[in-house]
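Notes to accompany the following structure.
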Amino acid sequence: MNTPIEALTIAGTSLSSRLLIGTAGYPSQRIMVDAIEASGSDLVTLSVRRISLQGHGSDTLRLLAGRRFLPNTAGCETARDAILTAELAREALGTNWIKLEVIGDRETLYPDVGELLEATRQLVDKGFVVLPYCNDDPVICARLADLGAAAVMPMGSLIGSGMGVANPANLELICARSPVPVIVDAGIGTASDAVIAMECGASGVLLNTAVAKADDPVRMALAMRHAVEAGWNARLAGRIPRRGRAQPSSPQLGLVGS
Amino acid sequence: MRGPPHTTLRRSGDDPGPVACEVPSSTDIAIIGGGLIGLSIGWRLARRGFDVTVFERGTIGQGASLAATGMLAAAAELEPGGEDHLPLALESQRLWPVFARELEADGGLGIDYRRDGVLLVALGREEVERLRFRHDLQRRAEVEAAWLSGAQCREREPGLRPSVVAGILCPADHQVDPPRVMAALRRACLAAGAHLVEACEAEPELAGGRVLGVSTPRGLCKAPVVIAAAGAWTRFQGLDIPVRPLKGQSLALRSTPGTGTLARVVWTEQVHLAPKSDGTLLVGATMEERGFDDSVTAGGVYALLDGARRALPSIEEMPVEAIWSGFRPTSIDDAPILGETGISGLLVATGHHRNGYLLAPVTAAAIEQLLVEDRITGPAASFGQARFTPTLEAIS
């Protein structure tokens, strides 16, 4: 069976891939472009504060022209900063989508929840499609959805840590209750982490470092593409119940000679 | 490439006196860009008897060439995906001792060529695994790189913080001092008979698919061969060279008898520290996608000082001598763009990214070979602009 998986719809826009991929930290621009191609991703994140918007010969914006961008507010520590950055991104990139990141602590890059809620409220009012990066906390995720977030993006684990989904039970709870798509953002280290996130019920996965810093980013991007599809399909297919004893897969009755 | 930003203190090179500022009506070879790459090519070609004229927009050697740290670090700079560029880097490393000797002789100035090696260190347990990852890559690529314990690192560099838990010594990675190299190159060019034209914008003059020379506000200079070597500014009408400016901020500290200094270049995950024989200690460098925004920022300086202090506590007592920013010319694959452009007579040499000093000799040799033998052989052969054609066609 080689049919494509069901599309992911965010704010009425249909995306063919459930993998969202970042553009930072690749060994070179060529490897970045090739990895993004291999990932099959339909939506690429970029940090408007950390890329040049001037469009020179090998600039990210020029090389990725024509793709659907999800600008982010990486590096912002207050709601005010994040809103200004979102407005800059809207003007520069011509998209009202924003991955909202408001960091409360440089060491852990944990979100500042108070500022995040405030920024979400204001950006939704200003007509943005807001995808906030948040704690893996069911209450915060529900609040963000209440405020009009188009999707919620709880962390798997700390940004860049590669520690996978640290709390699968929380993630399942968030996914089961969320009225908007849940995109697991941050912490994915390798393909199995992405599978687990999807099996927990996530609608999609956003990652960057796991691909950009892999030994072979292009191959890891391909692995992530398959992992996200595998996890999605496994979730829909439904896993068998776990049991403590063996159960032969072939019938035991009617054996020849019995 | 450009005058020093007025807000910034720069290290300055030795000034050997004024250079010819008249635009000649013709020349054999016109080079656009009087930085490290332009002057290296100009010197080698003039030395060979060509009539060479170098056009520089600002002052010779004041752009990225002066902003660099001067590392010749093929092994320490090796990153995943960089294996393809390694033969070029190793070839240039092999050429450096002779290049240095001849440059010092022709230019009559020392360039502080130091063979002490580069030491990469892990500060704290957290960083050891990533250093090990780098060492595995170096071993697979078969470059010289020796794993050291924390104690062995501190034996070699007693000033390092005790949190150094491991290191890699790359003995074949050497260094030079950029202002000295630029001063020597300028003198060597003049001694070999090259003309240097400063404060003069220049563009290739094209007609009918070939180059006629360079046009300047001070008139046309006819030339059968034009070499575009303007670093991150290598952007001319009718020519799509995929380089962008990759900003770096750096600073220079002055070591004192009280502070001591390092014996060799030390790299951490955050910064590299390069001791020069005149007692300065260079701390570099940020990597920022900021276009041509040349401001020196609090965040940049903070990151450099914080990174330096984590490795070498004695920097707290060192006077700050200079702070600056510069623009690396970086291509799509981080490797240089060397050779023909598809326009007859117009050659290019740019895109040297973080490795301008390392790659200057192999670049000059490749362009020299192209002009003399009409071909490039060896590792430099695969770095033509044509490799980007599929990518550029896909996005146009």
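For the record, the sequence lines run as chains C and V. In terms of this note's numbering, the first sequence opens at residue 2 and continues consecutively. In terms of this note's numbering, the second sequence opens at residue -12 and continues consecutively. We put the beta carbon where it would ideally sit given N, CA and C, even for glycine. Since this is a predicted model, take the numbers as computed values, not measurements.
| query | result |
| --- | --- |
| Are the C-beta atoms of isoleucine 52 of chain C and some chain V residue less than 7 Å apart? | yes |
| DSSP three-state label for valine 196 of chain C, please. | helix |
| In the DSSP assignment, find the unbroken beta strand (DSSP E) run with tryptophan 98 of chain C in it and report its ends. | 98 to 101 |
| From methionine -12 of chain V to glutamate 275 of chain V, what distance separates their C-alpha atoms? | Note that methionine -12 of chain V has pLDDT 32, beneath the 50 cutoff, so the model's placement of it is unreliable and no number is given. |
| Is the Cβ of aspartate 321 of chain V closer than 7 Å to any Cβ of chain C? | yes |
| Taking 7 Å as the CB-CB cut-off, is proline 72 of chain C touching chain V? | no |
| Would you check if there are 3 or more beta carbon pairs closer than 8 Å linking the region 300 to 307 of chain V to the region 43 to 63 of chain V? | no |
| Whole-angstrom Cβ separation of alanine 195 of chain C and alanine 228 of chain C, contact assumed at under 8 Å? | 4 Å |
| Taking 7 Å as the cut-off, decide whether the C-beta atoms of glycine 313 of chain V and alanine 54 of chain V are in contact. | yes |
| Taking a cut of 7 Å between CB atoms, which residues from the region 301 to 326 of chain V lie near chain C? | Thr317, Ser318, Ile319, Asp320 and Asp321 |
| Is DSSP giving alanine 17 of chain V helix, strand or coil here? | strand |
| So, for serine 331 of chain V: in the same chain, excluding its five sequence neighbours on each side, which residues have a beta-carbon less than 8 Å away from its beta-carbon? | Gly196, Arg197 and Val198 |
| Let me see if you follow: with CB-CB separation under 7 Å, is serine 251 of chain C close to chain V or not? | no |
| Can you find a CB in chain C that lies within less than 7 Å of the CB of glycine 68 of chain V? | yes |
| Do alanine 239 of chain V and valine 252 of chain V have their beta-carbon atoms positioned less than 7 Å apart in this structure? | no |
| Residue range of the alpha helix (DSSP H) that aspartate 82 of chain C falls in? | 80 to 94 |
| Have a look at V/Arg362, V/Val359 and V/Pro348 and flag the residue whose alpha-carbon is nearest the alpha-carbon of leucine 75 of chain V. | V/Pro348 |
| Quick one: Cα of glycine 146 of chain V to Cα of glycine 247 of chain V, how far? | 8 Å |
| Which chain V residues are close to isoleucine 32 of chain C, counting only those with a beta carbon under 7 Å from its beta carbon? | Gly68 |
| Might you give, ordered along the chain, the residues of its own chain that have their beta carbon closer than 8 Å to the beta carbon of isoleucine 6 of chain C, omitting 5 neighbours on each side? | Arg19, Glu230, Trp233 and Asn234 |
| In chain order, what are the residue ranges of uninterrupted beta strand (DSSP E) at least 3 long that sit wholly in the region 282 to 332 of chain V? | 307 to 317 and 324 to 327 |
| Does the region 185 to 193 of chain C come within contact of the region 147 to 165 of chain C, defined as at least 3 CB pairs closer than 8 Å? | yes |
| Leucine 233 of chain V to threonine 376 of chain V, Cα distance in whole Å? | 22 Å |
| When you compare only the Cα positions, how much space is there between alanine 272 of chain V and tryptophan 311 of chain V? | 10 Å |
| Which residues mark the beginning and the end of the beta strand (DSSP E) in which threonine 40 of chain V is found? | 39 to 42 |
| Have a look at alanine 295 of chain V and glycine 180 of chain V and give me their C-alpha separation to the nearest angstrom. | 43 Å |
| Please name the residue in C/Arg63, C/Leu47, C/Glu173 and C/Ser251 whose C-alpha comes closest to that of alanine 25 of chain C. | C/Leu47 |
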